[in-house]
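Enquirer:
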Amino acid sequence: MHLSLADAIENCVANGASIALEGFTHLIPFAAGHEIIRQRKRDLHLIRMTPDLVYDQMIGMGCARKLTFSWGGNPGVGSLHRLRDAVEHQWPNPLELDEHSHAGMAAAFCAGASRLPFGVLRGYVGTDLPARNPNIRHVTCPFTGESLAAVPAINPDVTILHAQRADREGNVAIEGIIGAAREAALAAQTLIVTVEEVVDELPPAMNAIVLPHWIVGAVVHCPGGAYPSYAQGHYTRDNAFYQRWDAIARERDPFRAWMNEHVIGARDHRAFLAGLQKAAS
């Protein structure tokens, strides 16, 4: 089903839902995150391998009650200040943490995609995460007797991805680094994909994956929907934006002012991009 971004978020993302915005280094669905903020969705359980700026923004604007994640930060720059404020000072809301390693998150997504109750891995050795997180447990292999780490499956109510293209039937092609996108898509009850372009026919899937239309709940044509991250083959990462974000998000008032001007005050993602371009000039 092809929808506008506003309609896709309104129809598919309910208050209190668990949602995964995936995309590893590129194809991060910023536009969808911003629309969730505009629609003032609340009490969300946010799930993401490597939460970065988009979750910093959603947490700081009061969308989240819980975060399931592995490493969180501003890549190459430093901390996520709005995430830290929520954890350390409960502003704007208290934030429950469910912290894992990358491998643990991958195992949990794989289990969810396979409709298994938990994922198993050799992991967390030498860390204090099992002592801090009751969702990290251990099982004994019935064949070898080896003790292995176990994590509950992740099955988001909604997974949101960004991709390079979809065809008119709703098949989606993702090129470049995949990360956990495929597993997060298959694990979800509902899948929304924003895309750079809609084409009559997908090109041959060399070095790409194709998500078939029968698992895709909504396709949204949203050029630039991954900005300021990058979309391989379409645009590069805006490294300067990530650097500027550190100063924008460090204190509450400048953060709120920036979000009100550029996200809340923009009617859609096209207006958001135009507003940044105007401010830069």
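Position in the sequence shown (first residue = 1) + 1165 = our numbering. Note that CB positions come from ideal geometry on N, CA and C, so glycine has one too.
1. Where DSSP assigns a beta bridge to lysine 1231, which residues make up the other side?
2. Considering Cα atoms alone, identify which of Pro1369, Cys1228, Ala1171, Ser1169 is closest to alanine 1182.
3. Could you name each continuous beta strand (DSSP E) segment of 3 residues or more that falls completely within the stretch 1241-1311, going from the start of the chain to the end?
4. From threonine 1190 to tryptophan 1256, what does the alpha carbon distance come to, in whole angstroms?
5. So, do the stretch 1195-1202 and the stretch 1240-1248 have three or more beta carbon pairs nearer to each other than 8 Å?
6. Measuring alpha carbon to alpha carbon, tell me which of Val1242, Asp1172, Ile1301, Glu1340 ends up nearest alanine 1272.
7. Taking buried to mean at least 16 other C-beta atoms within 10 Å of its own C-beta, is arginine 1330 buried or exposed?
8. If we count the other Cβ atoms within 10 Å of its Cβ and call it buried at 16 or more, is leucine 1326 buried or exposed?
9. If contacts are defined as beta-carbon pairs under 8 Å, then isoleucine 1374 and isoleucine 1339 qualify, I think. What distance do you get, rounded to the angstrom?
10. For the structure I just gave you, are there three or more beta carbon pairs, one from the stretch 1421-1440 and one from the stretch 1211-1219, closer than 8 Å?
11. If we call anything under 7 Å between Cβ atoms a contact, is valine 1363 one with valine 1337?
12. So, for glutamine 1354: in the same chain, excluding its five sequence neighbours on each side, which residues have a beta-carbon less than 6 Å away from its beta-carbon?
13. In three-state terms, what does DSSP make of asparagine 1336?
14. Is histidine 1267 closer than 7 Å to phenylalanine 1244 when the C-beta atoms are compared?
15. Starting from glutamate 1348, trace the beta strand (DSSP E) in both directions and tell me its first and last residue.
16. In the DSSP assignment, find the unbroken alpha helix (DSSP H) run with alanine 1445 in it and report its ends.
17. Which residue's Cα is closest to the Cα of aspartate 1293: Pro1282, His1265, Ala1431?
Expert: Let me lay it out:
1. Lysine 1231 pairs with His1210, Glu1261.
2. Among Pro1369, Cys1228, Ala1171, Ser1169, the Cα nearest to that of alanine 1182 is on Cys1228.
3. Within the stretch 1241-1311, the complete beta strand (DSSP E) runs of at least 3 residues are 1261-1264, 1283-1286, 1302-1305.
4. Rounded to whole angstroms, threonine 1190 to tryptophan 1256 spans 27 Å at the Cα level.
5. Segments in contact, no.
6. The residue from Val1242, Asp1172, Ile1301, Glu1340 with its alpha-carbon nearest to that of alanine 1272 is Ile1301.
7. Flag for arginine 1330 reads buried.
8. The residue in question, leucine 1326, is buried, as its Cβ has 16 or more Cβ neighbours within 10 Å.
9. That pair is a contact at about 5 Å.
10. Contact between the stretch 1421-1440 and the stretch 1211-1219 is not established, with fewer than three Cβ pairs separated by less than 8 Å.
11. Cβ atoms of valine 1363 and valine 1337: not closer than 7 Å.
12. Taken in chain order, the residues that qualify are Asp1322.
13. DSSP places asparagine 1336 in coil when its eight states are reduced to three.
14. Sequence check: residue 1244 is serine here, not phenylalanine. Taking 7 Å as the Cβ cut-off, serine 1244 and histidine 1267 do not qualify as a contacting pair.
15. Looking at the DSSP string, glutamate 1348 is not in any beta strand (DSSP E); the run it does join, the alpha helix (DSSP H), is 1346-1352.
16. Counted as a single uninterrupted DSSP element, the alpha helix (DSSP H) harbouring alanine 1445 occupies residues 1434-1445.
17. When only C-alpha atoms are compared, the closest one is His1265.
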